[in-house]
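Here the sequence shown stands for residues -23 to -1, 1 to 237, numbered as in mature numbering (1 follows the signal peptide of the UniProt record, and there is no 0).
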Amino acid sequence: MKTYKIFAGVVILLFLISGTALAIVPKPQKDIYVADYAGVLSAATREEILKVNRVLYAKSGAQIVVVTVNSLEGLPIEEYALAVLRQWGVGSSEKNNGVVILVAIQDRKARIEVGYGLEGAIPDGKAGRILRESMLPYFSQGDYDKGILLGFRRVVAEVAKEYGISPIELSKENPEAYQVKSGVSVEVIGAVFVTLIILFFIISALLRPRKYTYYGPHRGPDFDPPIFIPPGGPFGGGDNDFDDHFGGGSGGGGGASGGW
């Protein structure tokens, strides 16, 4: 009986949270890909987001929605972003390939919410890197327009790569902006570092001079060499136009959040 009451309480709490999110999250604006409620985006950025999204949707059904708000009204940013993804039905209904980029100005928080269909292309670790490298540094300087644009471009580049869409198809004027960013990530560097440490101890053990004991020659140390594994492992895991429409919106909380 006690277990039943606890379960019922949890279910009621989830319904209350869901109902709160439904009441707080606004309806999409006419330009479905940009909802700049905080008024921080330039006309040029808005136009680029709309133009690129139309091409992306036509070729893949994917949609990358940018939402800015002044306040989350007390909701966790994860709940707010997921509510936008689901209520607005971002992405294709068959592929669930929508992404919501949410920025809350007064709360100083941002999130990249990824639908089920794109969790392979944009895993949590990659979404986090996009936030840390391309968005949050500009937000801390008050340049929300540039941070959002650069983050949007990187998200689109990853989605386009997933569907085999070339940068030139997305933007004939500036295709370089939609190329997947190359370079070695922190996770890869960490993995290489750990591997080198392990190899060092193994090689050191093999190259030690032989020691003769009562039972014959013995090679190696008298103790097992330590192996260092960092916490969490070496890898991270840790982001109406009426010609288009929303129809997807299925997601389970994939993505990443950050603050500045």
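Cβ atoms here follow ideal geometry from the backbone N, Cα and C, with glycine treated the same way.
Cβ-based neighbour list, residue 240, same chain, cut-off 6 Å, excluding 5 preceding and 5 following: With the chain covering -23 to 237 only, the question about residue 240 has no answer from this structure.
Check each candidate in S111, G141, W237 and Y121 and name the one with the smallest Cα separation from R130. Looking at the Cα atoms, S111 is the closest of the given residues.
Is it buried or exposed for A81, if we count other Cβ within 10 angstroms and need 16 for buried? Per the 10 Å Cβ criterion, buried.
Counting only the same chain and skipping the five closest in sequence on each side, list residues whose C-beta sits under 8 Å from that of L147. Result list for L147: V29, V32, L33, V133, A137 and Y155, in chain order.
So the alpha helix (DSSP H) R131 belongs to, where does it begin and stop? Counting along the chain, the alpha helix (DSSP H) containing R131 begins and ends at Y121 to E139.
Use the C-beta contact count for T45: other C-beta atoms within 10 angstroms, 16 or more gives buried, fewer gives exposed. Around the CB of T45, 16 or more other CB atoms lie within 10 Å, so the residue is classed as buried.
Taking the alpha helix (DSSP H) that L95 belongs to, which residues open and close that run? Careful: L95 lies outside any alpha helix (DSSP H) and carries neither H nor E.
For the beta strand (DSSP E) holding L79, just list the boundary residues, first then last. From DSSP, the beta strand (DSSP E) with L79 extends over G75 to A81.
Measure the Cβ-Cβ separation of I142 and K72 and say whether it is below 8 Å. The Cβ atoms of I142 and K72 lie no closer than 8 Å to each other.
Report the CB separation of R88 from G232 in whole angstroms; it is logged as a contact under 8 Å. Right, their Cβ atoms sit about 6 Å apart.
On the premise that V43 lies in contact with I99, defined as a C-beta separation below 8 Å, what is that separation, rounded to the nearest angstrom? Going by Cβ atoms, the distance from I99 to V43 rounds to 15 Å, so no, they are not a contact pair.
Would DSSP call A58 helix, strand or coil? Under the three-state reduction of DSSP output, A58 falls in the helix class.
In terms of residues, what are the limits of the beta strand (DSSP E) holding V46? From DSSP, the beta strand (DSSP E) with V46 extends over Q40 to V46.
Would V157 and E139 qualify as a contact pair, given that the criterion is a beta-carbon distance under 8 Å? For V157 and E139, no; Cβs fall outside 8 Å.
Only counting the same chain, and skipping five residues up and downstream in sequence, which positions put a Cβ closer than 7 Å to that of A104? The residues are I89, V91, D216, G232 and A233.
Alpha carbon to alpha carbon, how far is Q118 from W65? Give it in angstroms, no decimals. W65 and Q118 have their C-alpha atoms roughly 31 Å apart.
Which of the three DSSP states is assigned to S88 in this structure? Here residue 88 is Arg; the residue named in the question, Ser, does not match the sequence. Residue state for R88 is assigned as strand, using DSSP reduced to three classes.
Does the Cβ-Cβ distance between D122 and S19 come in under 8 Å? Yes, Cβ-Cβ distance for D122 and S19 is below 8 Å.
Unbroken alpha helix (DSSP H) run spanning V29, endpoints: Segment A20 to S37, the alpha helix (DSSP H) holding V29.
Own chain, CB closer than 8 Å to F116, minus 5 neighbours either side, in chain order: Non-local C-beta neighbours of F116 in its own chain, meaning closer than 8 Å and more than five positions away in sequence, comprise V80, R85, A87, G124 and W237, ordered along the chain.
With DSSP collapsed to three states, give me the class of S234. Taken through DSSP and simplified to helix, strand or coil, S234 comes out as strand.
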